[in-house]
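Single-structure report; data block below.
In this note's numbering, the protein residues as written are 1398 to 1820.
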């Protein structure tokens, strides 16, 4: 989001005066289709509150714990966006977050901060992908996510679809598609119930995009990435050179590695040799080093596209030279507890890859069910339904469950950290 101009600051000052004069007499009203909010990137001491609104000019964000209000912030709405970087919070704490706009709209959220680095308590992390805010593909999957009550939810691509009926091409059109996702009735309770951590895949820009698509449609690409950054804000401590990949701890037992499998990739149809890359040289070096340095018993690697066994070459099956380099490096560093989590293919799957490294593929949340790709010795399980994954992690074990509509737990497997080491 752009820095406020002098005009923005003057407008905010005027709006603040009106707001102060209203005080407690301003009646609140429920949110509608022109306003939505969510909370992102929770850490042990912080999170980011994000608001999208077509009409509000400012918002008061109030953060409370069980003892009462701990922070209250007045923020401007600029270019339909407001965000508040809440810091100085306590680890492993459930916070209530209220947003009240200058037109009287009230939104309320719950969010948990991460445990401290030395906190060995059990944690629950949920993950899925592939969400189209169009009206078809109904299920109760979002109610089931809320019932699962994870500490944090990861969306790992195609959230939302912006390239189907109508196709987004401009900043305004991308904002409308993201705004629809933020406000549709079946998603709003989900956003209100938990914090999110996200990365894009292809449909946030256009299907199967790679370096050649970026070169062919630079204005559309710039619009898509601008709007994704508006709706999925990240911490300002990330480098400014288009870096959206990151790693962070969730207590003593878990470190999360979020890969960017789009922004730095070669063309999909390039020769599959040492020059072809999914991650780019800088991200690949960062990932290897960060994984080697991790002291967490379990390392979750979120890759928006699967390592193998999907349809076509828009996933790691088209980048096998780099894939095998990375998997061999994991074996060489002898680090235990590595688990890959992917989306993109629109069905649940359990895979085993080189050196016995494991992957679970999740999704879709709300989109057509996919057609399974080729089978092979590494395909351990597949299930075609709406789904999300739940990971219950302690110091000694990681249990992953596949959960579908109706709360059906259709898959469950438990690992020690040693069982998730390369062999």
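By construction, the Cβ of each residue, glycine as well, lies at the ideal position given by its N, Cα and C atoms. Given the structure is predicted, the values throughout are model-derived calculations rather than measurements.
Cross-strand partners of residue i (DSSP beta bridge)
i: residue 1653; result: 1645 and 1697
i: residue 1441; result: None; residue 1441 has no bridge partner.
i: residue 1485; result: Answer is none; residue 1485 lacks a bridge partner.
i: residue 1811; result: 1796
i: residue 1456; result: 1472 and 1498
i: residue 1628; result: Paired residue(s): none; residue 1628 is not in a bridge.
i: residue 1785; result: 1800
i: residue 1780; result: 1745
Candidates the options: closest to residue i by CA position
i: residue 1692; options: 1663, 1709 and 1650; result: 1650
i: residue 1694; options: 1468, 1513, 1795 and 1491; result: 1795
i: residue 1714; options: 1524, 1741 and 1728; result: 1741
i: residue 1789; options: 1547, 1747 and 1817; result: 1547
i: residue 1585; options: 1606, 1602, 1540 and 1607; result: 1540
i: residue 1439; options: 1625, 1653, 1476 and 1610; result: 1653
i: residue 1721; options: 1621, 1522, 1733 and 1671; result: 1671
i: residue 1481; options: 1458, 1708, 1641 and 1755; result: 1458
i: residue 1806; options: 1538, 1513 and 1681; result: 1538
Nearest-angstrom Cβ-Cβ length linking residue i and residue j, presumed shorter than 8 Å
i: residue 1342; j: residue 1645; result: Given that the chain is displayed from residue 1398 to residue 1820, the structure contains no residue 1342 and the question cannot be resolved.
i: residue 1545; j: residue 1787; result: 5 Å
i: residue 1549; j: residue 1526; result: At roughly 15 Å, the Cβ-Cβ gap does not stay under 8 Å, so residue 1549 and residue 1526 are not in contact.
i: residue 1494; j: residue 1508; result: 6 Å
i: residue 1765; j: residue 1604; result: With a Cβ gap of about 13 Å, residue 1765 and residue 1604 do not count as contacting.
i: residue 1484; j: residue 1443; result: 5 Å
i: residue 1698; j: residue 1656; result: 7 Å
i: residue 1574; j: residue 1588; result: The pair is not a contact, with the Cβ atoms about 16 Å apart (cut-off 8 Å).
i: residue 1446; j: residue 1503; result: With 8 Å as the limit, residue 1446 and residue 1503 do not qualify as a contact, their Cβ atoms being about 14 Å apart.
i: residue 1648; j: residue 1518; result: 6 Å
i: residue 1581; j: residue 1530; result: 5 Å
Short Cβ contact (9 Å threshold) for residue i with residue j
i: residue 1552; j: residue 1591; result: no
i: residue 1568; j: residue 1478; result: no
i: residue 1744; j: residue 1704; result: no
i: residue 1449; j: residue 1576; result: yes
i: residue 1802; j: residue 1536; result: yes
i: residue 1727; j: residue 1752; result: yes
i: residue 1676; j: residue 1658; result: yes
i: residue 1487; j: residue 1462; result: yes
i: residue 1791; j: residue 1738; result: no
i: residue 1521; j: residue 1608; result: no
i: residue 1784; j: residue 1760; result: yes
Contact test: residue i Cβ vs the ligand SAH heavy atom, cutoff 8 Å
i: residue 1749; result: Because no ligand of any kind appears in the structure shown, any question about the ligand SAH cannot be addressed here.
Identify every run of the beta strand (DSSP E) within the segment 1704-1771, keeping only runs that are complete inside it and at least 3 residues long; order them along the chain.
1735-1739, 1745-1749 and 1755-1758
Which complete alpha helix (DSSP H) runs does the segment 1535-1605 hold, if anything under 4 residues is left out?
1538-1545, 1568-1580 and 1585-1590
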